[in-house]
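Engineer:
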Amino acid sequence: MELSRPGFSVYLTLGYPGPAEALEVLRSLEACVDFYELGLPTRRPKYDGPTVRATHRRAVEAGVEGLEALRLLERGGLGKPFTLMAYLEDYLERPGLRGLLEEAAAAGALCVLLPDLPFDYPEMLEWYVDESLRAGLRPCFFASSRFPHGWLLRYAALRPLYIYLGLQPATGVELPIAVERNVRLARRLVGGSYLLTGFAVRRPETAAALIRAGADAVVVGSAVIRALEEGGVGEARRLACSIYEAVHGAAAGV
Amino acid sequence: MELSRPGFSVYLTLGYPGPAEALEVLRSLEACVDFYELGLPTRRPKYDGPTVRATHRRAVEAGVEGLEALRLLERGGLGKPFTLMAYLEDYLERPGLRGLLEEAAAAGALCVLLPDLPFDYPEMLEWYVDESLRAGLRPCFFASSRFPHGWLLRYAALRPLYIYLGLQPATGVELPIAVERNVRLARRLVGGSYLLTGFAVRRPETAAALIRAGADAVVVGSAVIRALEEGGVGEARRLACSIYEAVHGAAAGV
Amino acid sequence: MVDVPRYWYNIVADLPVPLPPLVDPLDDEAAGDGLGSRIGLLVRILPSRLIDEEYTLSRLLPIPEPVREAYRRAGRPTPLLRAEGFERALGVSGRVRIYYKYEGALPTGSHKLNTAIPQVYYAKLDGAVEVATETGAGQWGLAVSIAAAMLGLKAVVFMTRSSYRSKKARRIAMETLGATVYPSPSEVTEAGRRALRENPGHPGSLGLAITEAIEYVLSGERRRYVAGSVLESVLTHQTVIGLEALEQLPEEPDYMVACVGGGSNMGGFTYPAIGMKLRGEGFERTRFVAAESAAAPRLSRGEYRYDGLDTGLVLPLARMYSLGKDYVPPAIHAAGLRYHGAAPSLSLLRRLGLVEARAYSQEEVAEAARLFARSEGLIPAPESAHAVRAVVDIARRAPEGTVIAFNLSGHGLMDTDAYEKLGVAGGGS
Amino acid sequence: MVDVPRYWYNIVADLPVPLPPLVDPLDDEAAGDGLGSRIGLLVRILPSRLIDEEYTLSRLLPIPEPVREAYRRAGRPTPLLRAEGFERALGVSGRVRIYYKYEGALPTGSHKLNTAIPQVYYAKLDGAVEVATETGAGQWGLAVSIAAAMLGLKAVVFMTRSSYRSKKARRIAMETLGATVYPSPSEVTEAGRRALRENPGHPGSLGLAITEAIEYVLSGERRRYVAGSVLESVLTHQTVIGLEALEQLPEEPDYMVACVGGGSNMGGFTYPAIGMKLRGEGFERTRFVAAESAAAPRLSRGEYRYDGLDTGLVLPLARMYSLGKDYVPPAIHAAGLRYHGAAPSLSLLRRLGLVEARAYSQEEVAEAARLFARSEGLIPAPESAHAVRAVVDIARRAPEGTVIAFNLSGHGLMDTDAYEKLGVAGGGS
Ligand SMILES: Cc1ncc(COP(=O)(O)O)c(C=O)c1O
Ligand SMILES: Cc1ncc(COP(=O)(O)O)c(C=O)c1O
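Chains as they are written, first to last, in the working numbering: chain A, 478 to 731; chain B, 478 to 731; chain C, 107 to 535; chain D, 107 to 535.
(1) Any beta-carbon of chain A closer than 8 Å to the one on Gly534(C)?
(2) Taking Met256(C) as part of the alpha helix (DSSP H), name the residues at either end of that continuous run.
(3) I'd like to know whether the C-beta atoms of Leu415(D) and Ala448(D) end up nearer to each other than 8 Å.
(4) Closer than 8 Å, CB to CB, is Pro185(D) near chain C or not?
(5) Just to make sure I have the definition right: I need the residues of chain C whose C-beta is within less than 7 Å of the C-beta of Thr522(D). Which are they?
(6) Pick out the complete alpha helix (DSSP H) segments inside the stretch 596 to 645 of chain B, 4 residues or longer, and give them in chain order.
(7) Could you work out which residues of chain D lie near His626(B), taking near to mean beta carbons separated by less than 8 Å?
(8) Could you work out which residue in Tyr488(A), Gly668(A), Gly613(A), Asp597(A) is closest to Tyr412(C) when comparing CA atoms only?
(9) Taking Cβ-Cβ distances below 7 Å as the criterion, which residues of the stretch 519 to 545 of chain A are in contact with chain C?
(10) Taking C-alpha atoms, which residue in Gly698(A), Leu515(A), Val701(A) lies nearest to Gly492(A)?
(11) Three-state secondary structure (DSSP) at Met362(D)?
(12) Please find out if some non-hydrogen atom of ligand 2 comes closer than 7 Å to the beta-carbon of Ala90(D).
(13) Out of Gly483(C), Leu302(C), Gly529(C), state which residue places its alpha-carbon closest to the alpha-carbon of Met256(D).
(14) Among residues of its own chain, excluding the 5 on either side of Thr376(C), which ones have a beta-carbon nearer than 7 Å to its beta-carbon?
(15) Is any non-hydrogen atom of ligand 1 found closer than 7 Å to the C-beta of Cys718(A), if you look at the structure I gave you?
(16) Look up His308(D) in the DSSP assignment and say whether it is helix, strand or coil.
(17) Within the continuous beta strand (DSSP E) that includes Pro289(C), where are the two ends?
(18) If distances are taken between C-alpha atoms only, which option among Leu341(D), Ala491(D), Thr345(D), Glu353(D) comes closest to Gly581(D)?
(19) Enumerate, from N- to C-terminal direction, the unbroken alpha helix (DSSP H) stretches of 4 or more residues contained entirely within the stretch 349 to 415 of chain D.
(20) Give the straight-line distance between the Cα atoms of Met265(C) and Trp246(C), rounded to the nearest whole angstrom.
(21) Could you name the residues of the stretch 582 to 604 of chain A whose beta carbon sits closer than 8 Å to any beta carbon of chain C, in the order they occur along the chain?
(22) Specify the secondary structure class of His492(C) as computed by DSSP and reduced to three states.
(23) Could you check if Val366(C) belongs to the surroundings of ligand 1, using beta carbon to heavy atom distance under 7 Å?
(24) Looking only at C-alpha atoms, which of Ser490(C), Met426(C), Thr295(C) sits nearest to Gly442(C)?
(25) Taking 7 Å as the cut-off, does the CB of Gly348(C) come closer than this to any heavy atom belonging to ligand 1?
(26) Under 8 Å, Cβ to Cβ, is there at least one residue of chain D near Ile654(B)?
(27) Run through chain A and tell me which residues come within less than 8 Å of Ala128(C), C-beta to C-beta.
(28) Can you have a look at Val149(D) and say buried or exposed, based on whether 16 or more other CB atoms are within 10 angstroms of its CB?
(29) CB-CB under 6 Å to Arg457(D), same chain, minus the five flanking residues each way: which ones, in chain order?
(30) Tell me which same chain residues have a C-beta within less than 8 Å of the C-beta of Glu682(B), skipping the five on either side of it?
(31) Would you say the beta carbon of Glu462(D) is closer than 7 Å to some non-hydrogen atom of ligand 2?
(32) Please list, in chain order, the chain D residues whose beta carbon lies closer than 7 Å to that of Tyr525(C).
(33) Going by CA-CA distance only, name the one from Asp432(D), Gly374(D), Arg425(D), Ile485(D) that's closest to Val129(D).
(34) Have a look at Ala440(C) and Tyr445(D) and give me their C-alpha separation to the nearest angstrom.
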């Protein structure tokens with residue numbers, strides 16, 4: 478299966494705001510996302526920004542951690558496709574990469590994004606691809622905005638479901654970086670691969686600009702979480718829908 | 478009257494080695510000089526080297542000073558033309574430039590070379606020329622080997638009997654200076670003017686090389702004086718004659 | 107003739123593996139100092155354009171025209187020289203050819219100006235009126251003071267206390283240029299006061315001075331922190347050295363050598379060549395050697411892990427070879443080499459074996475400096491003398507035809523106190 | 107781009123009146139020191155080729171290729187810069203344009219290297235293994251030390267005692283380069299011992315240090331004296347400055363300004379332009395201004411007459427503006443301006459009104475240095491700051507459109523002691 482182009486996705490840590498409400502919140506956004514990105518809660522969200530880190534902490538404190546979070550999806554499932562985000566570090570020993578991917582596949586995920594893989598386990602890249610395919614998943618890759626060109630080319634050659642470009646140094650933190658330039662450069666390197674962009678996107682205009690710069694999709698996490706915190710589900714939904722429309726409008730040339 | 482080309486001259490301070498012997502010494506060199514250069518003894522031979530300075534001192538101590546020295550020539554005269562060398566400084570007050578030149582003319586000199594004129598009285602150049610002509614003399618000019626080109630051109634335009642190029646910083650002192658290069662340069666600047674070169678020439682080969690480099694004549698002072706001191710008149714004469722021959726041979730292309 | 111390059115080179119684009127990101131300390135919430143995410147804090151600390159250069163996918167970064175112009179004013183391109191006198195003094199004439207890039211030709215006497223100029227320029231673009239920074243021997247502080255004077259900003263420099271005392275000439279030079287210089291630890295910041303309370307005789311460390319400078323920036327308006335080394339963008343700026351050298355070198359060296367404090371002159375000198383090697387465009391057999399001080403041997407003896415860039419953890423953590431952010435190295439004369447860590451990209455290259463490291467004691471370095479000064483007529487900075495020392499080692503054992511190029515990152519005309527104490531001045535020749 | 111010139115310019119060839127020769131003291135016989143004619147003695151003192159260059163009719167002197175090469179190594183051509191920051195600081199922006207030639211870019215930090223290189227090279231051609239000289243602030247001694255290290259000779263430097271103490275950094279730098287440095291008056295020479303007997307607290311003078319250096323040369327084999335200034339050949343070597351500047355200046359200045367110690371940087375900077383003026387080829391309305399120290403105001407207050415180049419009269423006499431060969435100037439920070447005389451050609455031009463002179467006190471100079479450092483980012487040497495001071499005066503009163511060019515003969519990074527004492531460091535900006 479391929480993701481829709483353009484695409485809009487919301488990131489949420491699975492288990493946030495709480496085990497009870499998590500699914501409900503996700504479903505409330507359903508009309509305005511093309512797919513979800515769901516984080517497996519961890520005690521060491523090492524490459525995440527403060528807002529996302531807090532959601533991990535909340536989930537873990539509520540007793541939801543790692544693959545257990547997938548159980549929340551059993552209660553009825555989601556109406557849109559989803560991919561998972563997990564730190565490989567947490568699973569290497571138990572249940573191992575294969576176990577992680579198999580459970581993800583069983584839960585219906587399209588792929589598992591491992592943001593620490595390129596930095597901490599670069600030598601495991603091919604293994605991850607093999608194991609994903611073996612589990613019936615597509616590989617998904619993470620890249621930062623200071624990333625070797627050779628790796629982007631390599632990613633592209635491995636036919637991923639998507640290449641996730643982290644536009645900012647961490648999720649939810651906006652620094653004065655010429656993100657559109659980076660998207661244009663990434664696009665040149667990844668060719669026709671599906672390019673998902675995220676980290677600290679919070680406005681419809683930014684999302685639209687990213688699509689115009691060459692991204693296939695945009696994912697929003699921290700901003701939706703903050704909206705949820707400040708204005709509840711309604712506010713989160715309004716934000717998601719406005720960005721969804723911007724993304725789709727931008728692609729249509731609006 | 479013009480000086481012979483090539484020419485060879487000996488410089489001696491008039492009154493040296495003593496009032497009695499001066500004329501005799503000059504005459505003994507007669508066969509080997511084309512003309513003489515005679516210095517009027519002074520207490521301040523400021524631009525002369527140590528050997529010539531000593532001859533001034535000897536003459537002055539023997540009671541011969543300034544224009545008085547010309548009396549020595551009255552006792553029979555010389556068989557070759559001569560020019561005089563005097564420091565203008567000594568005569569400015571008494572008897573004045575005009576007096577100096579008139580007495581020099583009366584004594585039969587062809588010109589009076591004033592080595593301090595360009596350095597200490599540059600503004601008097603034209604006056605000196607006028608007064609020389611008025612006294613029936615030709616002007617003679619002194620130039621050093623660090624000298625303005627403009628002045629060499631100016632000298633040449635004033636039609637002197639000769640332009641005397643002091644090859645070394647002082648008479649009788651030989652420093653490692655590329656004198657032939659300087660002669661070539663001077664020649665280019667003075668055109669057809671009679672170019673007399675001197676200061677510290679002491680070997681026939683040097684003299685010949687100067688002629689080949691473009692000098693019209695060579696004058697030797699300190700070396701002859703030293704020969705006289707060390708080997709008497711015979712030695713002085715041998716030196717003068719060897720240089721005389723080198724000069725004339727060089728001009729003939731020998 | 108070689109001109110000032112139009113682009114800086116960003117090696118991150120060519121690394122064989124991705125560069126681990128800067129990250130927040132995971133216990134930030136617990137820290138409770140109210141500063142929040144360290145990554146997020148950067149926007150209040152660093153000049154905006156520097157942040158953008160830190161996070162770019164571009165391999166080549168255009169050098170802004172005013173910066174290029176200032177480079178030219180400052181005397182770039184700097185010369186690349188053949189060290190014939192030194193070869194003779196080493197007894198390797200005809201066997202080994204040695205070249206060096208001479209960054210001491212810049213008006214501050216070191217390579218530091220290469221990044222001071224763009225950073226102060228970027229601070230000015232942000233509307234800043236003051237720039238603050240740390241300094242060890244004073245080379246960096248002096249470079250910032252000059253750049254600030256050139257561009258009309260005020261410089262505030264936290265100078266490690268040991269150097270504040272021993273490198274008086276550089277301190278006064280900074281003050282003459284209008285900079286305010288504080289000994290670090292200072293009474294001016296909370297971090298400084300705390301360190302002094304704990305150890306009134308604290309000699310200072312670069313890590314602590316950084317924390318102080320940043321505290322100073324955060325506690326006022328229109329201030330920016332400028333970074334002397336370690337950040338990728340700083341190494342990128344320094345690549346003018348290596349880019350010029352590529353044009354100037356008459357032959358591909360077997361060794362390229364530089365000293366390492368934070369890694370900026372090493373990165374600046376070698377990265378363009380390492381990049382070519384990584385892209386398969388040349389320098390296949392070239393070895394890249396980092397010379398560090400035995401007093402702070404992070405590349406040789408440090409641990410490769412996430413650690414604080416500064417003692418106070420005001421900056422994010424970086425994955426690098428480190429001796430620990432609280433390491434206080436002995437007060438050696440090469441104060442610029444006293445940093446506890448090394449730039450992340452350089453650390454990564456070291457880990458991958460693309461860069462080798464050697465650590466030298468102050469005494470063996472002094473001997474090399476003496477030999478070099480007397481045979482080449484240029485006094486190396488004590489920092490740069492570490493590279494000279496490494497070259498001595500390599501050259502003495504090298505086979506016929508070996509070519510060595512090194513970066514003479516600065517001159518030591520203002521470090522004569524050091525050379526006097528080390529016995530390099532005077533004596534036989 | 108401007109290249110290193112192929113020829114030096116000898117202004118003697120273009121002077122409007124002949125230059126009075128160097129002469130022996132008339133009472134030499136009486137002196138009875140056995141040294142004989144001072145003119146004759148030069149052959150035992152100076153490098154042969156320097157003597158030839160002193161006595162040449164050539165207007166242009168070819169720069170030997172090894173010297174040109176060394177000039178390139180040392181960073182020639184040096185930059186010619188527009189002082190926009192300084193113009194703003196002076197409040198004359200848009201009204202007055204100021205340019206400066208920056209000789210501080212050379213590795214010794216001053217123009218002195220321009221003549222140290224050829225002279226040491228010439229000494230080597232003579233088979234010398236040692237060169238000796240005098241120095242004040244140490245700029246010249248350092249230049250000779252560098253040139254000697256580059257060419258493999260030993261340097262022996264007599265440093266005026268006051269500077270030996272205050273300019274410790276330069277002294278150690280010389281020693282680091284392998285030079286032997288003696289405080290002058292020293293115990294090493296008869297002239298030094300005599301001066302110390304007469305005045306044990308003698309601060310030294312350049313004139314005396316010259317005598318010592320020459321005595322040292324005459325008392326050994328294979329030694330040559332190298333001259334820091336005053337000789338025509340030295341000024342000729344320095345014309346690389348002005349020849350480059352003619353190529354670099356975008357417009358003909360109304361004023362050309364330099365400081366004057368012995369006159370070498372002033373001559374070097376201005377003579378090529380004065381020559382054009384004298385030959386009617388340009389610079390008709392340009393005024394040439396010499397800035398000297400009120401502590402040694404020879405061009406402003408000295409007498410134009412024959413005087414000793416050195417205190418001990420070991421060298422010939424020169425006709426020049428002089429304060430008397432025995433004049434011991436106060437121990438000002440600009441030690442390089444403490445010479446009692448000024449080069450004969452410069453003296454002559456001053457006498458002819460082609461060069462003007464202005465003398466400034468240490469305090470007014472310091473103020474100008476401060477302003478310049480803070481607006482341009484370069485700390486002028488205390489000597490060069492005199493030129494800066496003159497520029498301040500001229501610029502403040504100049505009509506719209508005035509163009510000023512000056513020679514920044516050296517940087518003051520090693521003179522920070524002076525700037526600290528003069529209160530230039532620190533304070534408001
Ligand atoms: C002359 C010189 N070289 C090298 C260094 C070390 O710094 P880096 O490794 O960033 O080049 C310094 C630091 O102060 C320095 O002053
Ligand atoms: C920087 C500098 N400028 C100027 C001078 C004065 O000498 P001069 O007049 O020969 O240029 C000196 C002499 O030491 C000097 O060091």
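Just so it is clear, CB atoms sit at the ideal spot from N, CA and C, and this is done for glycine as well. Quick caveat: nothing in here was measured; it's all calculated off a predicted structure.
Structural biologist: Inspection of the coordinates gives the following:
(1) Note that Gly534(C) scores a pLDDT of 49, beneath 50, so its modelled location is shaky and nothing firm can be said.
(2) 245 to 257
(3) no
(4) yes
(5) Ala275, Ile278, Ala279, Thr282
(6) 602 to 611, 626 to 634
(7) Ala119, Asp120, Leu163, Arg165
(8) Asp597(A)
(9) Arg521, Lys523, Tyr524, Gly526, Pro527
(10) Leu515(A)
(11) strand
(12) Since the first residue shown for chain D is 107 and the last is 535, residue 90(D) is missing from the structure and cannot be characterised.
(13) Gly483(C)
(14) Gly348, Met362, Ala364, Phe394
(15) no
(16) coil
(17) 286 to 290
(18) Because residue 581(D) is not part of the residues shown, which for chain D are 107 to 535, the question remains open.
(19) 370 to 384, 404 to 407
(20) 10 Å
(21) Pro595, Phe596, Asp597, Pro599
(22) helix
(23) yes
(24) Ser490(C)
(25) no
(26) yes
(27) Rather than Ala, the amino acid found at residue 128(C) in this sequence is Leu. Correct list: Pro646.
(28) exposed
(29) Tyr410
(30) Ala723
(31) no
(32) Ile278, Thr282
(33) Arg425(D)
(34) 38 Å
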